[in-house]
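Under UniProt numbering, the first residue of the sequence shown is numbered 1, with each subsequent residue one higher.
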Amino acid sequence: MLQQLANLPDNELMARARKLRDEEAAGILLERYSHLLATVSLPSLNSYGNTPDEFFPTLLQRLFYSLQTQTIPKIGEWMQFFIKSQGSRTARNTFYFPSSASSDITRLEYKAEKANSHPLQKQQLVSTMNAVFDQLDTADRELLNEFYLEQKTFAEIAAENGYTIEETRIRIKRSKQELASLILANLDYTKPARQEQDINTGYAASERQEQALNLEYTTSQKQEHDINLHYAKFGKQGQDIKDLQQGSLF
1 MLQQLANLPD NELMARARKL RDEEAAGILL ERYSHLLATV SLPSLNSYGN
51 TPDEFFPTLL QRLFYSLQTQ TIPKIGEWMQ FFIKSQGSRT ARNTFYFPSS
101 ASSDITRLEY KAEKANSHPL QKQQLVSTMN AVFDQLDTAD RELLNEFYLE
151 QKTFAEIAAE NGYTIEETRI RIKRSKQELA SLILANLDYT KPARQEQDIN
201 TGYAASERQE QALNLEYTTS QKQEHDINLH YAKFGKQGQD IKDLQQGSLF
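This is how it looks when you write it as structure tokens:
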């Protein structure tokens, strides 16, 4: 069972930990990100007078509990925030809420990762990104093209452009934020147009329904008129027959 869980992606493990209170899934996540945990914790140990014996047991306990109670969009980013808040002792009970830009970047990265194994989805992603790529600076556009579409590492991009790896990471993050903001702006721009179109469509449908009701009402009136006319004719015929019968008796 542990081997099967170890092969699951982060989002499935987080879902099991939160929805099923699966302690093994939470433990695998902590083990998977143990190097990040140690790296982010070092400044807290050096800066705030924490000792490993008192810091790590409490931190692991809180991380373990939070994995089972919080909805986490991206565990690496969440863990960095959580560890820093624990280390500074200023916001130990603060829940993590990502910024809108961070959420947009997370969604883009998830789509890019998912598209790698789905040619059709990758084609759709390329079309979507191309729609806003023209609005980016040339440097941002080339950087994101190398990172997302050519799948180059930080080291490869840094070597080609003459940057350090840290400079490359910062530049890519800034470019991703700019791309996410543009996509969000485009979505906000198209939503009112779609809503107006839906309103107009609903209004037209309402008019058609009203016309259909009026036609049905007119048809009903005509049928009623025909019935009355038929009834009148039938009554006249009946009276003629009655008069004839009465006349034949005399």
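Just so you know, even glycine gets a beta-carbon here, dropped at the ideal spot from N, CA and C.
Since we're looking at a predicted model, the values are computed, not measured.
Item, Value
"Selection from N161, Q151, R141 that minimises the alpha carbon distance to R174", "R141"
"Contact belief for L30 with L60 at Cβ below 8 Å, rounded distance in angstroms", "7 Å"
"Between the CA atoms of I170 and R62 - distance to the nearest angstrom", "30 Å"
"Buried or exposed by the 16-neighbour rule on C-beta atoms within 10 Å, applied to I72", "buried"
"Rounded C-alpha distance that separates T164 from R21", "42 Å"
"Local conformation of D10 per DSSP, three classes", "helix"
"E150, buried or exposed, once every other Cβ within 10 Å from all chains shown has been counted against 16", "exposed"
"Counted within 10 angstroms of its Cβ, other Cβ atoms place Q86 as buried (16 or more) or exposed", "buried"
"Residue of F154, L179, I157, D10 minimising C-alpha distance to K74", "D10"
"Buried/exposed call for L144, threshold 16 Cβ in 10 Å", "buried"
"Close beta carbons around L36, own chain, < 8 Å, minus the five adjacent residues each side", "G76, M79, Q80"
"C-beta atoms of L5 and A25 nearer than 7 Å", "yes"
"H118 (DSSP reduced to helix, strand or coil)", "coil"
"Simplified DSSP assignment, three categories, for I72", "coil"
"Rounded separation between S181 and K19 - CA only", "32 Å"
"7 Å Cβ cutoff met for F154 and T168", "yes"
"7 Å Cβ cutoff met for A17 and Q68", "yes"
"Whether I83 touches S41 by CB criterion (7 Å)", "yes"
"Own chain residues within Cβ distance below 8 Å of Q135, not counting five before or after", "L182"
"Burial state of S44 (16 or more Cβ within 10 Å)", "buried"
"Euclidean distance between Cα positions of Y33 and T39", "10 Å"
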